[in-house]
């Protein structure tokens, strides 16, 4: 009895498009432009699998190898990289020499081979050693395997049911999508579009993938009516002939879904008698099976979409002869399909319907049979055992299986999946009697869960978990357990904002770790050295790092050795300058190489970050960018963008590229901050520099800055940098309020005289200067009191830096000069008094300092401000030159918003049309050039007094000073003073230019 059409119907154009991918992949491998990835989406049952089978046949006809992997619905017990294990298993069966050869060059491949992903593979491993979470080698190994396979014959990789994929599988696919192949490799991945609800993680990733050049999409629409009718005719051959009304009813009910058409045609009962519910329809054929076959199908549904022959036999509870007969009938009735040594439901919807039809007690009992089969027979994986044990209410066994599943997930670089397993175990360990009965090291599981969360970027959740479990420790808790938790917590607190004394916590951990030579003591000492270093206790940190290094070497712990060496190298580099600094940088580079060789990823990335910071502090932007980018690349290869020091490296790299004027790169680096599913604090750290670029390019970022405000108390970096962006958008008392707000928050989190306060004070002074022209005399006097306070605030920071003996790098030096310059400008604008030459000299030095620093956007700002001052003091030629230089810098950045309210902005506005064709990021950025010109006009217009506006209107009519004086009944000399002020505010060289600006910017009263 035919249950599906032997021919594919209604999908010829889609098949041609998929087959075209093979040609594109071949061209891409040959060095030409082309895609090699296709995402296939469609509703459940619409025909995705049937289309992929047709693609398989066409590829085989063209001598392509087809490798298929399937994602399975493991619910909350995800098994990382499952489809890739399936692919490796297929290759190992057909080309074992190839897999073995790749595994020799890429040993990480062994982690994914199906036979090695079983329970007990981690037995005997040192529990105190860091888990292997570096996915770089794993991703590279899979890429190399496909490359080697494609060298023999082109490869088509098919991954089905991505809607069930775990995060690690999605990360692996993203890696493969973005990497070229030297030989033809095409990748097709399918997913149910109707399963992608708004918060589904695949939804975001599909959007990201489709922005990649090699990726295209095909959305499989329902079959048209003509194709449905043709399919019905095909399926009806050899059956009772359906009349036209019956065919029409099937067409209406199936709604173009091929699977539904098949079920409706093949249900074997009159169309009018068919059940209305799809699940009931799918179960019609189940009732026709023998008892043995029905039991086999029901047991298979509990395993999910696919199950091995051996496991299904063990869990079925029937004898082998009855089992074979039952399976054969289920296959003949098109409920199950046999593929190799596994069985799968003909469609996932069938398995789901059968499982949902089981009574609660039946489900529990069948899950229990799987637990017995998995535990006693050594079949399957720890994740499968954990899933079945929980659903069978065998919770003691679920604890051990969950721990093993978490360890296995961490070993293959799946921190998100690992954290889920460990947290499920911790839920089960809430039962104190179970903890005692199983003799589980509860603290060790808490640390495992926290490490997984930290590696995945969810530091706040990790901190809450550790804090909760530390608080719940009984007074007589094992000292080693308490030491383990306290040390992990103290280490974590160095990278999040808190008022908890993490140095004291770490000291207590050292005391509790004892004096014996144990791995725990070595780890606690290494952590304590890092904590002390972070808090500036370099001498004490060096002693503990040295002790940790010696102990780690005695215990032969290469990862801990690398961590201690990296800490020591970083400590020594903090204290030196010049040639000695360079020698210590060389030592830190050696430490990075040593960490990389030993697989100590955290030490390696931390070393790269420290090298980047060293060059950044010296304003060696290019070299700093190289080191930061190398750390970011480590994270990208490992699929761990939010992990400690990887995130910080991305953040600092974005800051460096912002200063260098590489703003397109800033937007690329910070794009992950737009991911709503990413951890909130890491996203918020990246967002301010992104908003700084967007704001300067004409976007309104006020609302997005406001969204960051609730996170200030959790991370001072967010507070400082978000406030810095906001200060550029404000003036006067609004800017003062923002400055006072951020200082209050950061002082509470850190210290009152924090280094960034110098920059914030200078930025706030600039905001007060922007308010001066429109302020009344009384308002100016009030503002001047704040001007002087801000100068004192900045100088106190400088004093504190000198007294503490800390080196003040080029960036701090540039902002120190800027502070003095902004203070002088504010006083000048408030009353026009002061030493003219001193004012010009301090601004000249500020321009030179920013040029020396190489901070492109700040160069644009200071040169624009300097131009305004030069116009004020009557040096229009020099002012023009500075304004033009500022405009050129803003043009380079496609950022007219940098110059809003200045004469340079008006030049930018006037030249915007000419520059539309210049290399730009977005149309909105270029359009900002025009809007900035209008905004500048409105800003200057609001700065003119009522009398100045009157005089400007008469000046635009061509009136002389004498004529204006007579009309307004004021002295000619008074008119002359007003005209000078108007020219200065407009940045105009003379009366004619002032009139032109007034007409252009709408500063004249309407007729």
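Residue numbers (the working numbering): 413 to 1419.
Ideal placement from N, C-alpha and C gives every residue a C-beta, glycine not left out.
Since the model is a prediction, treat every value here as computed from it, not as a measurement.
{"Asked": "What does the alpha-carbon distance come out to for the pair residue 1000 and residue 594?", "Found": "36 angstroms"}
{"Asked": "Span of the beta strand (DSSP E) holding residue 598?", "Found": "597-604"}
{"Asked": "For the region 550-603, which segments carrying the alpha helix (DSSP H) assignment without a break, of at least 4 residues, lie completely within its bounds, in sequence order?", "Found": "579-590"}
{"Asked": "Run the CB neighbour count on residue 1073, radius 10 Å, all protein chains shown included, and call it buried at 16 or more, exposed below.", "Found": "buried"}
{"Asked": "Go through its chain and collect everything with a Cβ distance to residue 1326's Cβ below 8 angstroms, but skip five positions before and after it.", "Found": "For residue 1326, the predicted structure reports a pLDDT of 30, less than 50, and the residue's modelled location is therefore unreliable. A value from the coordinates is still provided. No residues qualify anywhere along the chain."}
{"Asked": "How should residue 1428 be labelled, buried or exposed, when 16 other C-beta atoms within 10 angstroms of its C-beta is the threshold for buried?", "Found": "For residue 1428 there is no data in the structure shown, the boundaries of the chain being 413 and 1419."}
{"Asked": "Report buried or exposed for residue 1407, applying the criterion of at least 16 other Cβ atoms within 10 angstroms of its Cβ.", "Found": "buried"}
{"Asked": "In or out: residue 421 buried (at least 16 other Cβ within 10 Å) or exposed?", "Found": "buried"}
{"Asked": "To the nearest angstrom, how far is it from the Cα of residue 699 to the Cα of residue 707?", "Found": "11 angstroms"}
{"Asked": "Let's test the definition: count the other Cβ atoms within 10 Å of the Cβ of residue 1441 and tell me whether it reaches 16, buried, or not, exposed.", "Found": "With the chain represented from 413 up to 1419, any question about residue 1441 goes unanswered, as that position is not in the structure."}
{"Asked": "Using only alpha-carbon positions, find the residue among 805, 760 and 474 that is nearest to residue 777.", "Found": "805"}
{"Asked": "Count Cβ pairs between the region 1271-1279 and the region 1295-1307 that sit closer than 8 angstroms; are there 3 or more?", "Found": "yes"}
{"Asked": "Taking 8 angstroms as the limit between beta carbons, can you name the residues of its chain near residue 1199, skipping five residues before and five after?", "Found": "1177, 1180, 1235, 1238, 1239 and 1242"}
{"Asked": "Under the DSSP definition of a beta bridge, which residues are partnered with residue 750?", "Found": "755"}
{"Asked": "What's the call for residue 759, buried or exposed, on a 16-neighbour Cβ count within 10 Å?", "Found": "buried"}
{"Asked": "Return the chain-ordered list of same chain residues with a C-beta closer than 7 angstroms to the C-beta of residue 1035, the five sequence neighbours on each side being excluded.", "Found": "1027"}
{"Asked": "Does DSSP classify residue 1107 as helix, strand or coil?", "Found": "helix"}
{"Asked": "Spell out whether any CB of chain B is found under 9 angstroms from the CB atom of residue 900.", "Found": "Of the protein chains in this structure there is only one, and it is not chain B."}
{"Asked": "Using the C-alpha atoms, what's the distance from residue 1412 back to residue 1405?", "Found": "10 angstroms"}
{"Asked": "What residues in its chain sit with their C-beta under 6 angstroms from that of residue 1003, if we drop five residues either side in the sequence?", "Found": "977, 978, 981 and 1019"}
{"Asked": "Using the C-alpha atoms, what's the distance from residue 1120 back to residue 1357?", "Found": "37 angstroms"}
{"Asked": "Tell me which residue opens and which closes the alpha helix (DSSP H) that residue 648 is part of.", "Found": "637-648"}
{"Asked": "According to DSSP, which residues form a beta bridge with residue 453?", "Found": "603 and 631"}
{"Asked": "Suppose the cutoff is 7 angstroms on Cβ atoms and the five residues either side in sequence are ignored; what does the same chain contact list for residue 1360 look like?", "Found": "1390, 1393 and 1394"}
{"Asked": "When the Cα of residue 949 is compared with those of 900, 983 and 931, which residue comes out closest?", "Found": "983"}
{"Asked": "One question on the structure: do residue 861 and residue 817 come within less than 9 angstroms of each other, judged by their Cβ atoms?", "Found": "no"}
{"Asked": "Does the structure place the region 450-459 close enough to the region 602-616 that three or more beta carbon pairs sit under 8 angstroms?", "Found": "yes"}
{"Asked": "Within 10 angstroms of the Cβ of residue 1193, are there 16 or more other Cβ atoms? Answer buried if so, exposed if not.", "Found": "exposed"}
{"Asked": "To which residues of the same chain is residue 1075 closer than 6 angstroms at the C-beta, ignoring the five residues directly before and after it?", "Found": "1105 and 1305"}
{"Asked": "Taking C-beta to C-beta, are residue 578 and residue 456 nearer than 9 angstroms?", "Found": "no"}
{"Asked": "Compare the beta carbon distance of residue 1059 and residue 1047 with 9 angstroms and say whether it is the shorter of the two.", "Found": "yes"}
{"Asked": "Under the three-state reduction of DSSP, which class applies to residue 359: helix, strand or coil?", "Found": "Absent from the structure is residue 359, since the part of the chain shown begins at 413 and ends at 1419."}
{"Asked": "What's the C-alpha gap between residue 863 and residue 768?", "Found": "37 angstroms"}
{"Asked": "Taking the alpha-carbon positions, what's the residue 885 to residue 842 distance?", "Found": "12 angstroms"}
{"Asked": "Taking 9 angstroms as the cut-off, decide whether the C-beta atoms of residue 1154 and residue 1135 are in contact.", "Found": "yes"}
{"Asked": "For residue 584, which residues of its own chain have a beta-carbon under 7 angstroms away from its beta-carbon, when the five flanking residues on both sides are left out?", "Found": "493, 496, 551 and 554"}
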